[in-house]
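The structure under discussion appears below in the form of structure tokens.
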Amino acid sequence: MKRGLAGYVAVAACAVFFALLPFTLSDYHRGIAAQVALYLIAILGLNVLVGYTGQISIGHSAFMAIGGYTTALMSHYHHTNLVATLPLAFAITFVCGVLLGLPALRLSGVYLALATFALAVSVPQLPLKFSKFTGGSAGISANRIVGNTWLYEVAWSAAAVAFVFTWLLLRGRIGRAFRAVRDSEVAATSSGVTLAIYKTLAFGVSAALAGVAGSLFVLATNGFAQPNEFSVTLSLKILIGAAVAGLGSLWGVVIGAAFIALLPTISASAPLIGSTHGQDVVFGAFVILVMLLLPNGVAGLLLRLSRLRARA
Amino acid sequence: MALLSLQNATLRFGGIVALDDVSLAVEAGTIAGLIGPNGAGKTTAFNVITRLYRLESGDVVFDGRSILRTPPSRIIRAGIARTFQNVELFPTMTVLENVLVGAHTTSLFEREESVRRRALETIDFVGITHVAGRRAAGLPFGTLKRVELARALVSRPRLLLLDEPAGGLNHEEVEELAIFILRLRDDLKLTVLLVEHHMNLVMRVSDHVHVLNFGRTIASGVPAEVQRNPRVIEAYLGGELEASA
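Chains as they are written, first to last, in the working numbering: chain A, 815 to 1126; chain B, 459 to 703.
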């Protein structure tokens, strides 16, 4: 019970912090902070899949692409309100996630990784195929460019909604079924958990959150959706963020998102190796370092700290 | 009327006949023992009943209906819960969470607090309240067996399949287990099918004993009858049954 209360306090403190933060930031930094929020949503989604049901995906950039193109196309052709495209992206990518989840039922481990990799590689090719409609490799833009303050507010509101949604989903019966599937398929089945339902549900929810993140991703790049923005590297980035945050727990997601959103920018200005190429080296080195020092991510660290405090 | 019956059940793995035309019946409200030497097909029978294995021929009838078309995850809804020989738990989840998963099918429209209360009551019933908040991984084997038992019981089954519940228990613990299994029948009105190597336990609690050897039924009857059966004595190399009788 005490841990539950600490959780509420932590979430409330985070909410207040992120609500007040834009007043102290420059316009440029508000844009960066909005990116943290969109990565947070993507990491939440990937965590549902990888952390809670134990299915791997390196295809989430494809779902982000679908969400991003949903926003750009709807705005471009139908002048849909940009905020209204977020739930739309959620719904469309949810369906896509479920559809991918069905064949994924027969795959696990490396084979699932390869199948989702194939998705990540092939989906960004689709806009090239239908270039009349999607603008091809040049991309397509939303009907307006949003400012960083707008972006910050919308992205962090969406992140808050996504966090509460995920938390509510995972805290009870469904979350337990997810984890049961991850821990033992035989025991889950004989306890009455239908693997097919929960595995595809996890795929759907996970993809839906990636879709919303993709929408915001497009809005954050001047409302421009372009195929090569959604490469498999983006998937890996989110996977790294999820691992840094800690798989199977929600309490590290902010740090995981900050890690992948801010580190490239920070390391670009690092002394000696700070350059466009150097920043990848610094990023890689940090990833290895974090994996070695925090095998269960930030969430694992928080858990260890709370156990230490409980003992003291 | 028999609550559960296997009718001419046959299942082969490659060249090995795991179940060879086995027929057995478990009467409602009784404890049935299923015994036999290693590899006799006891656990295979459990896996057939819970639909983890598919029969080649024959039928499994529960409560008057064939369950061969029931998917494995619906078996527990039909009223059959089981434990596993080598324990199949959710290692990263707490004992309480493990038991809560057992309530998955009976908690769809139930409030979380009410499900938790029910799970805690069941945990108390099997006597492991002191570890309810601990992760399953790392707990002693005997405790894990009880977690499984609680997870099975919380689903409010009509038939409980116990796969070697006495595994790893010492003499006093087996005595406790015997009393516990009798309580399942007498207090909870459960029907129990018990696979066990511990002869004392089986002979003491069972109303009926079914003996398999190399996938075939070699004897079936009340414990005293089965113990005297020459084919059973031969299958157990003579010694063990008499020594424990």
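We treat Cβ as the ideally placed atom computed from N, Cα and C, and that holds for glycine. These numbers come from a predicted model, not from an experiment.
DSSP three-state assignment for B:Asn687, whether helix, strand or coil: coil
Mind checking who B:Ile489 pairs with in its DSSP beta bridge? B:Val650
So that I know if they touch, is there some Cβ in chain B lying closer than 7 Å to that of A:Gly1006? yes
Can you name the residues that DSSP bridges to B:Gln465? B:Asp517
Thinking C-alpha only, which one of A:Val1019, A:Val937 and A:Val1032 is nearest A:Gln869? A:Val1019
Below-7 Å beta-carbon distance, B:Val559 vs any chain A residue: yes
With respect to the beta strand (DSSP E) encompassing B:Asn505, which residues constitute its N-terminal and C-terminal limits? B:Asn505 -> not in any beta strand (DSSP E); alpha helix (DSSP H) instead, spanning Lys500 to Ile507.
Judging by CA-CA distance, which residue of B:Leu648, B:Val690, B:Thr649 and B:Pro615 is the nearest neighbour of B:His668? B:Val690
DSSP-derived helix/strand/coil call for B:Arg674: strand
Short Cβ contact (7 Å threshold) for A:Arg1104 with A:Val1058: At residue 1104 of chain A the sequence reads Val, which differs from the Arg that was named. Going by C-beta atoms, A:Val1104 is nearer than 7 Å to A:Val1058.
A:Ile855 and A:Ala973 closer than 7 Å at C-beta: yes
Once DSSP output is grouped into helix, strand and coil, what is the label at A:Leu1039? The sequence as given places Ala at residue 1039 of chain A; Leu does not occur at that position. Reduced to three states, the DSSP call for A:Ala1039 is strand.
Could you please tell me which residues of the segment 991-1005 of chain A, in chain order, have their CB closer than 9 Å to any CB of chain B? Ala991, Arg993, Ala994, Arg996, Asp997, Ser998, Val1000, Ala1001, Ala1002, Thr1003, Ser1004 and Ser1005
Below 8 Å on the Cβ atoms is my contact criterion, and I expect A:Val864 with A:Ser871 to pass it. Report the Cβ-Cβ distance as a whole number of Å. 7 Å
The segment 564-593 of chain B: which residues have C-beta closer than 7 Å to a C-beta of chain A, in chain order? Ser565 and Glu570
Let me check one thing: in DSSP terms, what residues is B:Ile538 bridge-paired to? B:Leu617
C-beta atoms of A:Val1112 and A:Ile1069 nearer than 7 Å: yes
Using a Cβ-Cβ distance under 7 Å, would B:Arg535 count as near chain A? yes
Please list, in chain order, all residues of the same chain as B:Ser664 whose beta carbon is under 7 Å from its beta carbon, the five residues on each side excluded. Ile489, Ala490, Gly491, Leu652 and Pro681
For A:Thr847, which of helix, strand or coil comes out of DSSP? As written in the sequence, residue 847 of chain A is Ala, which differs from the Thr given in the question. Helix.
Assuming the contact rule is C-beta atoms closer than 8 Å, A:Gly1025 and A:Ile880 should be a hit. Round their C-beta distance to whole Å, please. 6 Å
Mind listing which residues of the segment 539-559 of chain B have their C-beta closer than 7 Å to chain A's C-betas, in chain order? Arg540, Glu546, Leu547, Phe548, Pro549, Thr550, Met551, Glu555, Leu558 and Val559
Considering just the uninterrupted stretch of the alpha helix (DSSP H) at A:His893, what are its terminal residues? From DSSP, A:His893 is part of no alpha helix (DSSP H); its letter is neither H nor E.
When burial is assigned at 16 or more other CB atoms within 10 Å of the CB, is A:Met815 buried or exposed? Caution is warranted here: a pLDDT of 45 is assigned to A:Met815, below 50, making its placement in the model unreliable, and the coordinate value is therefore given only provisionally. That one is exposed.
If distances are taken between C-alpha atoms only, which option among A:Gly873, A:Leu983 and A:Leu965 comes closest to A:Ala932? A:Gly873
Under the assumption that B:Val589 contacts B:Val553 (Cβ atoms under 8 Å), give the Cβ distance between them as a whole number of angstroms. 5 Å
From what residue to what residue does the alpha helix (DSSP H) around A:Val1058 run? Val1046 to Ala1059
Listing by chain order, which chain A residues have their CB less than 9 Å from the CB of B:Arg609? Ala1001 and Ser1005
Cα separation between B:Leu464 and B:Val484? 9 Å
Give me the residue from A:Gly1028, A:Gly1092 and A:Leu1122 with the minimum Cα distance to A:Ala848. A:Gly1028
To the nearest whole angstrom, what separates the beta carbons of B:Val557 and B:Ala608, a pair I think is in contact under 8 Å? 5 Å
Mapping the DSSP letters down to three states, classify A:Leu933 as helix, strand or coil. helix
Between the Cα of B:Met551 and those of A:Leu921, A:Ala994 and A:Thr1008, spot the shortest distance and give me the residue it belongs to. A:Ala994
Output the distance between the C-alpha atoms of B:Phe548 and A:Gly1114, rounded to the nearest integer angstrom. 19 Å
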